[in-house]
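In the order they appear, the protein sequences are chains A and B. Position one of the first sequence corresponds to residue 216 (the numbering used here), numbered consecutively onward. Position one of the second sequence corresponds to residue 216 (the numbering used here), numbered consecutively onward.
Number of protein chains: 2
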Amino acid sequence: MHDPLRTLPGYGLRRASVAMMNRFSEMLRPLGIKYTESSILILIGSNPGIRQSDLTHMLDIQRANLTPIIAQMEGRNLIMRTRIDGRSWGLDLTETGKEMLDAVWKATLAHEADLIGRVPEACRPALLIGLNALWDEPEGSAEKA
Amino acid sequence: MHDPLRTLPGYGLRRASVAMMNRFSEMLRPLGIKYTESSILILIGSNPGIRQSDLTHMLDIQRANLTPIIAQMEGRNLIMRTRIDGRSWGLDLTETGKEMLDAVWKATLAHEADLIGRVPEACRPALLIGLNALWDEPEGSAEKA
DNA sequence: CTTGATTATTATCATATATAACAATATCAC
DNA sequence: GTGATATTGTTATATATGATAATAATCAAG
């Protein structure tokens with residue numbers, strides 16, 4: 216069975232990403248959290264008071280798709296919102312959220328270690344550089360401040 | 216704005232994959248075809264008479280999700296099905312499908328060139344090896360014949 | 001011939017992502 | 001200050017992707 220797709224780096228990139236995300240989702244499942252939510256926890260944890268719009272830029276997701284995620288995380292008492300001005304909310308972790316962040320970080324680091332472990336050592340530095348070259352500063356968006 | 220996610224290869228892998236697939240989808244849009252369909256065309260083109268179940272294995276997608284895709288591609292006169300036995304169908308490209316495959320290959324190669332072009336030359340070989348290490352022979356599935 | 005595995009289909013559900021319209025507010029030019 | 005414009009967040013909707021379960025038909029192994 217001949218498979219020309221296997222010669223294509225772009226195809227390999229997609230397959231690698233899907234395989235990786237499946238494994239990561241599996242590791243997060245016991246925590247009852249999804250990987251997008253885990254990213255949000257991490258960003259709020261390292262940027263207390265961050266606004267939703269900052270998250271949408273950093274994660275490159277749509278405002279409209281973030282709203283229900285934030286609402287649900289607030290409902291689960293993982294994050295709290297405080298008014299910054301008439302338009303925007305500042306996001307912070309609750310105590311529950313901080314505990315969840317600890318667990319999320321552990322799972323994330325375990326997952327990253329697993330991932331790196333699958334790559335021959337000699338390839339690792341170039342892999343990182345290559346991956347970042349493929350998405351960093353996407354399209355026309357000049358980095359905001 | 217501090218972003219710990221940027222230090223994570225796994226996160227970079229996902230972002231790279233998403234950015235890449237968005238660009239590829241854009242390149243395929245004029246052809247009126249989606250990237251999963253493009254992969255199917257390529258595999259049928261290089262394996263005339265291939266069965267749906269072979270496709271599901273090679274693409275690692277669910278039988279149930281392939282069925283409507285194949286039906287739609289048959290409806291668009293891109294592929295034709297002939298009975299192999301009482302259970303399975305053999306898939307082949309129609310003339311229209313072969314022309315589409317030509318266009319798809321051109322777009323695919325252009326996309327792959329664009330992708331590789333974004334990666335510093337010194338990193339390319341390691342990137343390919345690394346990516347394949349991350350998905351090749353996923354989990355428990357021993358390669359079928 | 002019976003049992004069990006394979007192939008394909010149908011239906012359903014969850015998730016991820018994209019777009020458009022809207023309300024409220026902030027910012028900027030004047 | 002006032003008016004035009006941009007930002008922020010929300011709601012509703014559409015599409016794409018992916019997973020699961022149940023069913024029917026058929027093949028393969030003993």
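Glycine included, each C-beta is placed from N, C-alpha and C at the ideal position. Note that the coordinates shown come from a computational prediction; the quantities given were computed from them, not determined experimentally.
Item: Exposure label - A:L324; buried when at least 16 CB within 10 Å; Value: exposed
Item: Outcome for B:G345 when other beta-carbon atoms lying within 10 angstroms are tallied against a minimum of 16; Value: buried
Item: Residue range of the beta strand (DSSP E) that includes A:G301; Value: Counting along the chain, A:G301 falls outside any beta strand (DSSP E), and DSSP gives it neither H nor E.
Item: Cβ shell of B:R339 (< 7 Å), same chain only, five flanking positions each side left out; Value: I331
Item: Outcome for B:G290 when other beta-carbon atoms lying within 10 angstroms are tallied against a minimum of 16; Value: exposed
Item: Extent of the continuous alpha helix (DSSP H) to which B:R339 belongs; Value: 339-350
Item: 7 Å CB neighbourhood of B:P224 in its chain, flanking five on each side removed; Value: none
Item: Partner residues on chain B for A:E327, Cβ-Cβ distance less than 8 Å; Value: L223, P224, G225
Item: 8 Å Cβ cutoff, B:T251 in contact with chain A; Value: no
Item: Residues that B:L308 bridges to, as DSSP identifies them; Value: B:I294
Item: Cβ-based burial, A:S254 [other Cβ within 10 Å; buried from 16]; Value: buried
Item: Cβ of B:G350 within 8 Å of any chain A Cβ; Value: At residue 350 of chain B the sequence reads Trp, which differs from the Gly that was named. Yes, B:W350 lies at the interface with chain A (some Cβ there is under 8 Å from its Cβ).
Item: Distance CB(B:I294)-CB(B:L281) smaller than 8 Å; Value: no
Item: C-alpha distance - A:L258 paired with A:K313, whole-angstrom precision; Value: 12 Å
Item: Outcome for A:I412 when other beta-carbon atoms lying within 10 angstroms are tallied against a minimum of 16; Value: With chain A running from 216 to 360 in the structure shown, residue 412 of chain A is simply not present.
Item: Reduced DSSP secondary structure (H/G/I, E/B, other) of A:R333; Value: coil
Item: Sequence-distant residues of its chain with Cβ nearer than 6 Å to B:P263 (five each side left out); Value: D307
Item: Contact under 8 Å by Cβ, A:L256 with A:V319; Value: yes
Item: CB of B:S261 within 8 Å of CB of B:Y250, strictly; Value: no
Item: Proximal residues, the stretch 333-346 of chain A versus chain B, C-beta separation under 9 Å; Value: R333, V334, P335, A337, C338, R339, P340, A341, L342, L343, I344, G345, L346
Item: Cα-Cα separation between B:D317 and B:G305, rounded to whole angstroms; Value: 21 Å
Item: Chain-ordered chain A contacts of B:N280 [CB-CB under 7 Å]; Value: In chain order: nothing, as chain A lies at least about 13 Å away.
Item: Residue of B:M236, B:R278, B:M315 minimising C-alpha distance to B:I248; Value: B:M315
Item: Reduced DSSP category for A:I276 - H, G, I as helix; E, B as strand; rest coil; Value: coil
Item: Contact set for B:Y226: own chain, Cβ-Cβ below 6 Å, skip 5 residues either direction; Value: L220
Item: Three-way DSSP call (helix, strand, coil) for B:I265 in this model; Value: strand
Item: Nearest residue (CA-CA) to A:G301, options A:M216, A:R266, A:D218; Value: A:R266
Item: A:A231 burial status per 10 Å Cβ neighbour count (16 or more: buried); Value: buried
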